[in-house]
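Read through the structure below, which is laid out as structure tokens, and then see the notes.
Number of protein chains: 2
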Amino acid sequence: MINGFFNPKSIAVIGASRTPGKVGYDILKNTVQYGYQGAVYPINPNASEILGLKCYPSLLDVPDEIDLAVVVVPPQKVCEVIEQCGTKKIDSAIIITAGFRESGLEGTKLENSLIKKAKESGVRFIGPNCLGIIDTHSRVNASFAAGMPKKGSIGFFSQSGALCLAVLDRALSEDIGFSKFISMGNKADVSDTDIMIALAEDDNTKVILGYIEGLTDGRKFIEAASKVSKKKPLIILKSGTTISGAKAASSHTGALAGRETSFDSAFKQSGIIQAHTMGELFNYALAFSNQHLPAGPNVAIITNSGGPGIIAADACDRSRLQLVPLHKETIDELRSFLPSVASFYNPIDILGDAGADRYEKTLNMVLKDEKINGVIVLLTPTAVVNVEATAGAIGNIANLVDKPILASFMGKKSVESGSKILMKYNVPNYSYPEEAVYALNEMYRYHFWINRPAKTFPHFKGLKEKASNIFKEVMEKKREHLTDPEIHEVLKAYGFLQPKSLLARTSEEAVAASKGIGYPVVMKIVSPQIVHKSDVGGVKTNLTSKKDVENAFFDITTRIKQIMPTVNIYGVMIQEMIQGGKEIIIGITKDPQFGHMIMFGLGGIYVEVLKDVSFRVTPLSQEDAHEMIREIRTFPLLRGVRGEAEADVEAIEKSLLILSQLALDFPQIIEADINPLLVKKRGEGMVAVDARFTIGGE
Amino acid sequence: MINGFFNPKSIAVIGASRTPGKVGYDILKNTVQYGYQGAVYPINPNASEILGLKCYPSLLDVPDEIDLAVVVVPPQKVCEVIEQCGTKKIDSAIIITAGFRESGLEGTKLENSLIKKAKESGVRFIGPNCLGIIDTHSRVNASFAAGMPKKGSIGFFSQSGALCLAVLDRALSEDIGFSKFISMGNKADVSDTDIMIALAEDDNTKVILGYIEGLTDGRKFIEAASKVSKKKPLIILKSGTTISGAKAASSHTGALAGRETSFDSAFKQSGIIQAHTMGELFNYALAFSNQHLPAGPNVAIITNSGGPGIIAADACDRSRLQLVPLHKETIDELRSFLPSVASFYNPIDILGDAGADRYEKTLNMVLKDEKINGVIVLLTPTAVVNVEATAGAIGNIANLVDKPILASFMGKKSVESGSKILMKYNVPNYSYPEEAVYALNEMYRYHFWINRPAKTFPHFKGLKEKASNIFKEVMEKKREHLTDPEIHEVLKAYGFLQPKSLLARTSEEAVAASKGIGYPVVMKIVSPQIVHKSDVGGVKTNLTSKKDVENAFFDITTRIKQIMPTVNIYGVMIQEMIQGGKEIIIGITKDPQFGHMIMFGLGGIYVEVLKDVSFRVTPLSQEDAHEMIREIRTFPLLRGVRGEAEADVEAIEKSLLILSQLALDFPQIIEADINPLLVKKRGEGMVAVDARFTIGGE
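Note that the protein sequences, when read in sequence, are chains A and B.
Count along the first sequence starting at 1, add 24, and that's the number in the numbering used here.
Count along the second sequence starting at 1, add 24, and that's the number in the numbering used here.
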């Protein structure tokens with residue numbers, strides 16, 4: 025598919041204009057002025073020639089084959105053009121035209137027709153409402169952007185055309201190379217996932233950069249991203265995640281914005297490098313596209329002044345990087361040529377009178393130290409420093425080693441020439457030391473990600489069958505919630521231990537059941553209409569005698585019948601009262617972007633007050649389960665504090681995997697909680713004391 | 025004091041050099057080349073004239089009065105020069121020379137002699153080991169920096185000369201105005217506090233900017249900062265706070281680095297605006313020095329593209345700013361001239377084809393909306409936008425209103441000219457929308473700070489007297505810890521309710537005491553050598569009978585005597601067992617930078633595992649106590665969750681204030697914990713169940 029867009033043998037611009045300043049003119053001009061070697065056909069019924077190219081009244085009048093159509097006609101005419109593309113066997117189109125879904129109801133209808141027409145005509149399209157695309161290698165510039173970046177290895181796709189412009193402007197100003205620029209527009213056909221995969225397969229692209237506001241199929245995106253991120257760094261800025269942001273997002277492109285936590289979890293799970301600001305997006309891209317990954321966390325900082333060294337050291341401490349001491353041999357060698365008052369520890373302060381020569385020798389020495397995985401070079405514009413010579417020396421060294429070198433030449437005018445030289449040698453330069461540290465930190469994290477063993481997805485056999493009938497029945501009866509006995513069956517089918525329990529319809533049955541189970545017991549109301557049983561006083565705990573049970577039965581059935589006369593009370597459940605163990609909560613939620621996600625947290629106030637929970641998109645891998653347990657702040661409580669025994673963390677891991685499978689087995693689950701799930705000591709498993717299931721249309 | 029440094033009638037440069045490139049030459053040149061009107065005297069025994077100025081062999085040979093001495097002689101000669109300053113009645117000196125405390129033991133000795141000599145000679149000095157100072161208004165440039173920034177309102181002091189250079193370079197490149205630049209060096213005499221106060225009193229300085237690695241007297245600094253911050257924004261970047269950073273700091277300037285939490289608390293408490301990176305330091309300075317403070321949190325965003333608007337909206341949601349909808353009247357007026365597909369909600373998207381005119385009209389309209397307290401204007405470099413005209417229009421409006429306007433013209437080369445125009449009109453421009461949002465957020469927070477009522481510091485009378493004897497006695501006996509009965513007396517003196525308790529030396533006394541107090545009781549060992557009583561099995565709870573008490577007494581006394589034969593056991597304390605209430609912990613710690621600090625947290629795992637605590641420097645104000653309670657994540661637990669009653673938060677507030685007074689009353693306290701302190705329901709107070717006090721030399 026992608027070849028048609030990025031490597032077309034010929035391009036037609038439908039809606040090409042003779043008037044400079046109009047989009048139809050700018051695009052045509054861009055297609056011809058940057059060295060594209062294929063044929064270009066302007067289509068305009070009112071012109072015979074534009075920019076020296078023969079003009080055709082319609083696509084169908086072009087005698088030759090066309091690979092790519094760029095559409096700039098008014099929105100009402102787009103469908104017709106797409107139909108003509110089909111006739112002409114053009115399978116790729118870029119629809120620049122705006123006035124579709126982003127502009128309201130009418131536009132949405134138009135966009136739906138467009139999608140239908142394109143499908144019928146066998147045409148894939150990017151847009152509508154986009155800026156176009158650029159490929160610096162095939163020299164295709166099918167956009168109305170004001171410029172063409174130099175050839176490079178960063179592939180950038182963006183839901184916002186404005187971001188394309190801003191990034192392009194900076195790329196042009198700083199001579200940063202890009203491989204491809206893709207303005208995605210409304211993503212009515214070609215999706216983020218399609219483009220991400222295309223960039224992953226593109227030999228000219230080393231780093232994939234993306235800006236998204238919403239995803240059309242989050243699950244597909246995350247699945248693809250998990251694979252892509254193992255091949256190439258995938259750096260994404262997601263906006264519209266917070267409340268105000270989400271409001272702005274839906275008024276902008278109509279995309280449904282996901283909640284911040286689900287995106288954070290999904291990105292983490294799939295190895296996406298998340299940029300939190302536009303600055304980070306750029307900073308990370310520069311590091312990843314220019315430098316080698318560090319093989320470990322150990323970084324050395326070389327500086328000609330103390331303050332910036334300390335600032336960088338602080339940033340290291342807030343990251344995963346380690347400022348390790350150098351080998352004794354390295355220090356000895358440094359001592360042989362550095363002034364005695366230099367600092368030989370890390371940060372290595374080579375003093376304010378350091379010239380290029382001292383930088384060069386120090387950097388060479390430090391790189392030889394096998395403990396060091398990467399170096400950050402800081403430079404303050406002192407009177408004696410030779411910025412250009414130092415930049416050249418660093419650049420020369422950087423090209424000979426496979427350890428990453430990042431620079432922060434601080435200040436502005438005095439260091440600009442140095443920054444340009446560094447860039448020529450592919451050494452990224454940052455305005456402030458912290459930026460260099462955080463960029464290197466992301467590189468280290470990514471190194472760690474690609475070197476992890478492949479994830480394992482355990483499958484538990486023979487579970488689904490036993491629960492299928494229950495879900496089927498509840499669906500047929502159009503009930504939203506499972507009753508306690510149904511939940512009991514489902515949990516049993518999936519191997520969750522539960523307290524002994526018996527259904528009782530009368531006071532006598534309740535007493536008999538209690539005796540059978542053994543005091544103390546818990547009594548819970550059973551009613552298909554009551555989900556939050558505690559809230560209506562439908563749960564009584566610690567019943568220790570026949571009398572307790574009789575009173576409780578009377579209270580629950582009579583009182584609830586009085587306050588809620590319309591509910592059906594099937595009876596009460598008598599349950600063994602489980603003592604000891606740690607309360608945890610595990611659950612399933614359905615995210616609008618990613619579908620089923622699994623949640624984990626400690627129960628009670630930890631989830632309610634501290635909201636100390638972790639999420640993962642299903643299906644969960646063994647590794648996801650392992651990580652999400654350890655991700656919460658209260659994890660040490662499971663390890664055991666104040667002399668308590670360690671909780672059965674392995675059992676929790678397994679339960680999360682099983683819950684993931686349950687979610688996959690029954691897509692109709694909208695929400696489920698097992699809460700509390702009591703975890704016992706290591707090796708002793710867990711007991712599911714209570715649970716809720718909400719289900720709905722597939 | 026400060027006039028001598030910044031407004032001297034004459035300057036002597038001791039160690040002036042004839043050789044360009046030498047520091048002694050650069051400084052002399054700087055003193056004369058930027059329009060300084062006073063007399064300048066180079067001092068150099070080997071020259072008769074430098075840069076056309078008559079040279080003197082020594083300070084004492086100058087026939088005229090001198091206000092300021094700039095010292096560039098080798099370190100061994102500095103003391104002599106300072107002595108001459110005294111003879112010559114020069115009361116202000118800037119010591120540029122390095123080779124003092126920062127260079128090791130010998131240097132430290134030299135610095136100590138220098139301090140002594142300066143005191144004897146009546147000379148105040150900045151440095152040593154500094155870059156010098158600049159005053160753009162009096163035109164004094166007594167530094168070896170390569171340039172002089174334009175006149176402006178930012179006063180900058182920095183422990184790092186390198187940071188001065190980097191900031192100066194950016195100031196020169198972007199034409200940012202400064203009032204004063206002060207490189208503090210080793211701060212052997214003139215301190216951060218001195219300079220901060222001087223800048224607060226300086227009419228030319230509107231915003232105070234500082235970089236510090238460590239403070240010599242943190243308490244004094246914080247006290248002064250609390251006052252200064254009410255007059256002028258005080259923006260500080262503190263580095264060397266984390267572990268690696270602190271290591272680098274002490275090898276750099278020998279300053280003791282404080283812990284990050286204590287700095288965070290102290291800064292918050294005193295209204296300091298904390299910059300966390302160099303970028304933030306700059307971004308905040310630009311906003312505060314150029315724009316009015318917003319009178320409230322409501323911000324409007326005007327943008328010519330959706331994506332950046334969403335990014336800005338996300339940033340607002342992460343800040344305290346509010347993206348409120350505009351008044352209906354405003355929206356109606358906007359509709360009268362904006363295209364119908366524009367977005368009239370906030371962010372206000374005036375579309376990619378917006379020209380300067382549309383920006384101008386929209387901005388005017390939005391500023392008239394009384395709901396809006398400030399505006400952020402975003403611009404993407406589209407083909408049709410006129411960057412300069414738009415910048416001019418925004419600038420013109422900004423000069424007429426008292427609401428803050430910040431801009432983010434995104435991209436680089438295309439918007440550079442616009443950025444310069446904005447700067448001319450005092451509208452700060454940021455590369456990315458998030459930076460503008462976070463800068464405005466700090467301005468709002470500062471507005472909030474200066475408009476708070478003055479803090480109140482309650483004093484509780486007659487408490488100290490009753491406890492003085494105990495502390496006196498323990499100090500005399502050189503004991504480090506207070507015993508339980510002593511702690512009991514101290515807490516009683518300060519009004520803390522405690523469980524009924526009686527000291528018992530024998531099993532019989534213990535039984536009698538238990539009967540008197542009423543079962544159940546708690547028994548605790550009393551020994552001056554045992555501080556962590558639980559750890560040695562010295563605490564028995566829930567003793568419900570005579571037999572329990574006898575067994576416990578035997579167990580505690582006999583067993584502990586066996587395992588720790590050398591400790592003195594005074595007996596046991598029999599205590600009422602308090603049931604119910606919420607465990608909290610309050611405490612005193614002594615911070616190396618700030619002295620006594622008060623800590624607050626929920627007890628047990630909340631403090632141990634979650635480390636969910638807050639700190640404030642003593643003396644605590646009523647407001648500090650109020651805030652620090654609400655600052656912890658688990659505060660909702662005190663408000664009552666799951667139907668629990670609200671805890672007596674007022675009582676906690678009072679207890680923190682009393683603890684603050686206790687710390688002030690007895691400076692010899694090194695550490696104290698009241699843990700657990702059981703808080704009952706609202707209005708029912710609290711009970712101090714256990715406590716520890718560690719004391720030491722003043």
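Idealized CB from N, CA, C, for every residue including glycine.
C-beta neighbour in chain B for residue i, strict 8 Å
i: F287 (chain A); result: no
i: E198 (chain A); result: yes
i: A413 (chain A); result: no
i: Q617 (chain A); result: no
i: G282 (chain A); result: Low per-residue confidence applies at G282 (chain A): pLDDT is 38, beneath 50, and the placement is therefore not dependable enough to give any value.
i: R716 (chain A); result: no
Under 8 Å by beta carbon: chain B residues contacting residue i
i: Y235 (chain A); result: G331
i: T582 (chain A); result: Here the premise fails: no neighbours, minimum Cβ distance about 23 Å.
i: Q183 (chain A); result: G331
i: G379 (chain A); result: Simply none; closest approach about 12 Å.
Cutoff 8 Å: residue i Cβ touching any chain A Cβ
i: I74 (chain B); result: no
i: S436 (chain B); result: The question names Ser, but residue 436 (chain B) is Lys in the sequence shown. Yes, K436 (chain B) counts as interfacial toward chain A.
i: I629 (chain B); result: yes
i: A170 (chain B); result: yes
i: Q193 (chain B); result: Strictly speaking, residue 193 (chain B) in this sequence is Asp, with Gln absent from that position. Yes, D193 (chain B) lies at the interface with chain A (some Cβ there is under 8 Å from its Cβ).
i: R503 (chain B); result: no
i: G416 (chain B); result: no
i: S441 (chain B); result: no
Expected contact under 8 Å - CB spacing of residue i and residue j to nearest Å
i: Q108 (chain B); j: S82 (chain B); result: 7 Å
i: S207 (chain A); j: S177 (chain A); result: Going by Cβ atoms, the distance from S207 (chain A) to S177 (chain A) rounds to 19 Å, so no, they are not a contact pair.
i: G146 (chain A); j: G110 (chain A); result: 6 Å
i: I232 (chain A); j: L223 (chain A); result: 5 Å
i: P332 (chain B); j: A186 (chain A); result: 6 Å
CA nearest to the CA of residue i, picked from the options
i: E747 (chain A); options: A:I372, A:I221, A:M623 and A:V348; result: Given a span of 25 to 722 for chain A in the structure shown, any question on residue 747 (chain A) remains unanswerable.
i: K352 (chain B); options: B:K395, B:E513, B:F520 and B:A528; result: B:K395
i: E247 (chain B); options: B:D226, B:I296, B:L680 and B:V633; result: B:I296
i: A417 (chain A); options: A:D381, A:G707, A:N397 and A:K437; result: A:D381
i: L261 (chain B); options: B:M623, B:Q599, B:L680 and B:F180; result: B:F180
i: Y60 (chain A); options: A:P257, A:N322, A:N153 and A:N31; result: A:N31
i: A122 (chain A); options: B:F368, B:G519 and B:L375; result: B:L375
Residue i: contacting residues in chain A (beta-carbon distance under 9 Å)
i: E458 (chain B); result: H300, T301, M302 and G303
i: P660 (chain B); result: I629, E632, V633 and L634
Partners in chain C for residue i, counting only beta-carbon separations shorter than 8 Å
i: D697 (chain B); result: Here chain C cannot be found, since the structure's protein chains are A and B.
Residues that residue i contacts on chain A, provided the C-beta gap is smaller than 7 Å
i: C365 (chain B); result: It is Val, not Cys, that sits at residue 365 (chain B) in the sequence shown. Neighbours of V365 (chain B) on chain A, chain order: S127.
Neighbouring residues, chain B, relative to residue i (Cβ below 7 Å)
i: T404 (chain A); result: A186, L189 and A190
i: R657 (chain A); result: L634
Under 8 Å from the C-beta of residue i: neighbouring residues of chain A
i: D50 (chain B); result: A407
Proximal residues, the stretch 329 to 344 of chain B versus chain A, C-beta separation under 9 Å: S329, G330, G331, P332, G333, I334, I335, A336, A337, D338, A339, C340, D341 and R342
Interface positions of the stretch 215 to 229 of chain B facing chain A (Cβ-Cβ less than 8 Å), listed along the chain: none
The stretch 125 to 141 of chain A: positions lying closer than 7 Å to chain B by Cβ: S127
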